[in-house]
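Undergrad: Questions regarding the structure given below will be posed in turn.
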Amino acid sequence: MNGPVCLGIVGCGSVAQNAYLPLIVNLIAHGHVRSVVASDVDPARLEEVRAKYPIDRVTTSAEELIGSDDVDIVVVLTSMPSHGELALKALQAGKHVLVEKPMATTLEAGRELLEAARNAAGWLVCAPHVQLSPDYQELLRRIGRGDIGRPLLARARYGWDGPDWGTWFYAPGGGPLFDLGVYNVTSLTGLLGPARRVTAMSALSRSERVVEGELIRVQTDDTFQLVIEHQSGALSTVTTAFGMQKYRGPAVEVYGLEGTLQLLGDDWAPDGLEYWSNAAGAWQVFDSRSRYWPWTDGLAHLVNAVRTGEPPYTRPDQAFHVLEIMLAAMEAARTGVTQELTTSFVPPEPMPERDRGDAHRIHDRVHEDAQS
Ligand SMILES: NC(=O)c1ccc[n+]([C@@H]2O[C@H](COP(=O)([O-])OP(=O)(O)OC[C@H]3O[C@@H](n4cnc5c(N)ncnc54)[C@H](O)[C@@H]3O)[C@@H](O)[C@H]2O)c1
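Reading the sequence shown from the start, the letters are residues 3 to 374 in the numbering used here.
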């Protein structure tokens, strides 16, 4: 077991301040992280994070952070179009890397990153981290052992009204499929395996929005409906938009010849399972296996991997396949032509029970301490 690690965060906006840094505070408190360097092109953002969080050093140069000896893991939390380039530089500098989704915004940049990861000294962990949630793992285990027979169909959805910050969410290289649907495509390919074809339709519900107090023109479609044909023959759909208000109902449903399994909540914030079995003739409801599982868990997972030497569970080749599905869906929506996919991956088996989620255990303990 190696000692606590040094983190370098690139991009100190919403997701850094509201999600990853609170997790990092827990990782420091539990002796997993020793120091944190933060970088942003905006010096005001650096002052904000330094005032709120235990940051040892700040820099406006991502390159300087990436090249520093006091950084073991580079955490790329910038706007989407810069992910591929920053993650590639960090891998080339010999660092371990966590990159927020999507891993890149073009297939060429994604392929370059995947190839770099195959030859790199460090590991690459790509968000989203949905496969690490204990509820997802239970769903995967039940599908794999045949609880619902052969899966035929599945559906997944995630949407909301959309960010009122970050104009880049509404510019080319942004949009709800890269930002939100990516969770669903990751869940569905993890549960049903790689895809061979995809088709989609997309629409624009509002051509103007107020972002950071300014009226802007929306340059990407904000509403998507995908149909994915998996290599197994199963068909799945993804519903995602910047414009959905509220929903009730499971995030993911998987239908088999002998039953149905549902993941409750959202796939990034799961809340247990429901299971219909023909044999039992009844619905069964299973409470969440970890009510406080954080969707940032990939970072705790990578920190644990670096400390123990155990390779991460999530694989960049799945993130690359998910990227191809999303790009092909956008092309199908643009042209009206179903797209054949060229990439694939081997879905990992369910995690052994003992390995399921070290971060969520930290998180559960923090909540239990706060309540006692
Ligand atoms: N906000 C969320 O709730 C959320 C949730 C999950 C994932 N994400 C993902 O996290 C990423 C960031 O989202 P956000 O909402 O925090 O965006 P944001 O716009 O609030 O923050 C991005 C930050 O990155 C900085 N930045 C941009 N390019 C940079 C560069 N080259 N070097 C250093 N800093 C740079 C910007 O100045 C900004 O402070 C996106 O990929 C998003 O999809 C966001």
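Even for Gly, the Cβ is constructed at its ideal location relative to N, Cα and C.
Taking 7 Å as the cut-off, is the CB of Lys91 close to at least one heavy atom of ligand 1?
TA: Numbered from its first residue, the sequence shown carries residue 91 at position 89. Checking the Cβ of Lys91 against ligand 1 gives no.
Undergrad: Whose C-alpha, out of Thr345, Ala40, Ser292, is nearest the C-alpha of Val78?
TA: Your numbering for residue 78 matches position 76 in the sequence shown. Out of Thr345, Ala40, Ser292, Ala40 has the C-alpha closest to the C-alpha of Val78.
Undergrad: Within 10 angstroms of its Cβ, does Gln247 collect 16 or more other Cβ (buried), or is it exposed?
TA: The residue labelled residue 247 in the question sits at position 245 within the sequence shown. Result: exposed.
Undergrad: Let me confirm a value: Ala64 is counted as buried when at least 16 other C-beta atoms fall within 10 Å, else exposed. Which label applies?
TA: Working through the sequence shown from its first residue, we reach residue 64 at position 62. Buried is the call here.
Undergrad: Taking the CB atoms as reference points, tell me whether Thr107 and Gly161 lie closer together than 8 Å.
TA: Within the sequence shown, the letter at position 105 stands for residue 107. Within the sequence shown, the letter at position 159 stands for residue 161. Not a contact, by the Cβ cut-off of 8 Å.
Undergrad: Taking Cβ positions, are Leu116 and Ala236 nearer each other than 8 Å?
TA: Translated into the one-based positions of the sequence shown, residue 116 becomes position 114. Translated into the one-based positions of the sequence shown, residue 236 becomes position 234. No, the Cβ-Cβ distance between Leu116 and Ala236 is not below 8 Å.
Undergrad: Please report the distance separating the alpha-carbon of Gly10 from that of Asp42.
TA: Taking the sequence shown and counting its residues from 1, the one referred to as residue 10 is at position 8. Taking the sequence shown and counting its residues from 1, the one referred to as residue 42 is at position 40. Answer to the nearest angstrom: the Cα atoms are 11 Å apart.
Undergrad: Going by Cα to Cα distance, which pick from Thr298, Thr239, Thr201 is closest to Leu134?
TA: On the sequence shown, position 132 is the one that residue 134 refers to. Comparing Cα-Cα distances from Leu134 to each of Thr298, Thr239, Thr201, the minimum goes to Thr298.
Undergrad: DSSP three-state call for Pro318: helix, strand or coil?
TA: Along the sequence shown, read from residue 1 onward, the residue named residue 318 stands at position 316. If DSSP states are grouped into helix, strand and coil, Pro318 belongs with the helices.
Undergrad: Which runs of the alpha helix (DSSP H), 4 residues or longer, sit entirely within the stretch 42-92?
TA: Those alpha helix (DSSP H) runs which fall completely within the stretch 42-92 and span 4+ residues are 45-54, 64-68.
Undergrad: So what does Gly267 bridge to, in DSSP terms?
TA: For the purposes of this step, residue 267 is taken as residue 265 along the sequence shown, with counting starting at 1. Pro272.
Undergrad: Quick check on the DSSP output: the alpha helix (DSSP H) that includes Leu190 runs from which residue to which?
TA: In the sequence shown, counting from the first residue as 1, residue 190 sits at position 188. Residues 184-194.
Undergrad: With a threshold of 6 Å on Cβ separation, who are the neighbours of Arg164 within its own chain once the five nearest residues in sequence on each side are excluded?
TA: Counting from 1 along the sequence shown, the entry for residue 164 is found at position 162. Looking at the sequence provided, one finds Gly at residue 164 rather than Arg. Only Phe244 meet the Cβ criterion.
Undergrad: Runs of 3 residues minimum, wholly inside the stretch 96-144: which ones carry the beta strand (DSSP E) assignment?
TA: Correct list: 98-101, 126-128.
Undergrad: By the three-class DSSP mapping on this structure, what secondary structure does Ser374 have?
TA: To locate residue 374, count along the sequence shown from 1; it is residue 372. Here Ser374 scores only 46 on pLDDT, less than 50, and its place in the model is too uncertain to base an answer on.
Undergrad: Which residues does DSSP pair with Glu210 in a beta bridge?
TA: In the sequence shown, the residue the question calls residue 210 occupies position 208. Note: Glu210 sits in a beta bridge opposite Arg219.
Undergrad: Whose CA, out of Leu88, Arg143, Ser290, lies closest to the CA of Leu126?
TA: Counting from 1 along the sequence shown, the entry for residue 126 is found at position 124. It is Leu88.
Undergrad: Round the Cβ separation of Leu263 and Tyr277 to the nearest angstrom and send it over; I've been treating them as touching at under 8 Å.
TA: As a working mapping, residue 263 is identified with position 261 in the sequence shown. As a working mapping, residue 277 is identified with position 275 in the sequence shown. Yes, they are in contact, since the Cβ atoms of Leu263 and Tyr277 sit about 5 Å apart, within 8 Å.
Undergrad: What I want to know is whether the C-beta of Asp42 ends up closer than 7 Å to one or more non-hydrogen atoms of ligand 1.
TA: Along the sequence shown, read from residue 1 onward, the residue named residue 42 stands at position 40. Yes, the Cβ of Asp42 comes within 7 Å of a heavy atom of ligand 1.
Undergrad: Check Thr344 in the structure and name its three-state DSSP category.
TA: By 1-based counting over the sequence shown, the position of residue 344 is 342. The answer is coil: DSSP assigns Thr344 none of H, G, I, E or B.
Undergrad: Within the present structure, is the beta-carbon of Pro165 separated from the nearest heavy atom of ligand 1 by less than 7 Å?
TA: As a first step, residue 165 must be located in the sequence shown, where it is residue number 163. Yes, since a heavy atom of ligand 1 falls inside the 7 Å radius drawn around the Cβ of Pro165.
Undergrad: With DSSP as the reference, label His323 as helix, strand or coil.
TA: Here the question's residue 323 lines up with position 321 in the sequence shown. Helix at His323.
Undergrad: Near Gly175, what residues of its chain come up, given a Cβ to Cβ distance below 7 Å and the 5 sequence neighbours on each side ignored?
TA: Looking up residue 175 in the sequence shown gives position 173. Answer for Gly175: Met82, Pro83, Thr107, listed in chain order.
Undergrad: Going by the CB atoms, is the gap between Ala122 and Val101 shorter than 8 Å?
TA: Sequence index remark: in the sequence shown, residue 101 carries index 99 (1-based). Sequence index remark: in the sequence shown, residue 122 carries index 120 (1-based). The answer is no: Cβ separation not under 8 Å.
Undergrad: Could you tell me whether the stretch 216-224 touches the stretch 348-357, using the rule of 3 or more Cβ pairs below 8 Å?
TA: No contact exists between the stretch 216-224 and the stretch 348-357.
Undergrad: Verify the contact flag: Leu88, CB atom, against every heavy atom of ligand 1, threshold strictly below 7 Å.
TA: As a first step, residue 88 is located in the sequence shown; it is residue number 86 there, counting from the start. Yes - ligand 1 has a heavy atom lying nearer than 7 Å to the Cβ of Leu88.
Undergrad: Below 8 Å between beta carbons: does that hold for Val254 and Ala156?
TA: Looking up residue 254 in the sequence shown gives position 252. Looking up residue 156 in the sequence shown gives position 154. Result yes, Cβ atoms of Val254 and Ala156 sit closer than 8 Å.
Undergrad: By DSSP, does Tyr277 sit in helix, in strand, or in coil?
TA: In the sequence shown, residue 277 corresponds to position 275, counting from 1. In the structure shown, Tyr277 sits in a strand (DSSP, three-state: E or B).
Undergrad: Would the C-beta of Asp223 count as close to ligand 1, meaning under 7 Å from any of its heavy atoms?
TA: Against the sequence shown, residue 223 aligns to sequence position 221. It does not: the Cβ of Asp223 is nowhere closer than 7 Å to a heavy atom of ligand 1.
Undergrad: Does Tyr22 pass the burial test, meaning 16 or more other C-beta atoms within 10 Å, or should it be called exposed?
TA: On the sequence shown, residue 22 is found 20 positions in, with the first residue counted as 1. Its Cβ being crowded by 16 or more others within 10 Å, Tyr22 is buried.
Undergrad: When you compare each of Thr80, Tyr294, Thr337, Arg208 to Asp223 by their alpha carbons, which one comes out closest?
TA: Indexing the sequence shown from 1 puts residue 223 at position 221. Nearest of Thr80, Tyr294, Thr337, Arg208 to Asp223, Cα basis: Arg208.
Undergrad: In three-state terms, what does DSSP make of Trp2?
TA: The shown model of the chain, from 3 to 374, leaves out residue 2, and the question about it has no answer.
Undergrad: Specify the secondary structure class of Leu259 as computed by DSSP and reduced to three states.
TA: Against the sequence shown, residue 259 aligns to sequence position 257. Leu259 falls in the coil class under three-state DSSP.
Undergrad: Closer than 7 Å: is that where the CB of Ala64 sits relative to any heavy atom of ligand 3?
TA: The ligand content of the structure shown is limited to ligand 1, which means ligand 3 is not among them.
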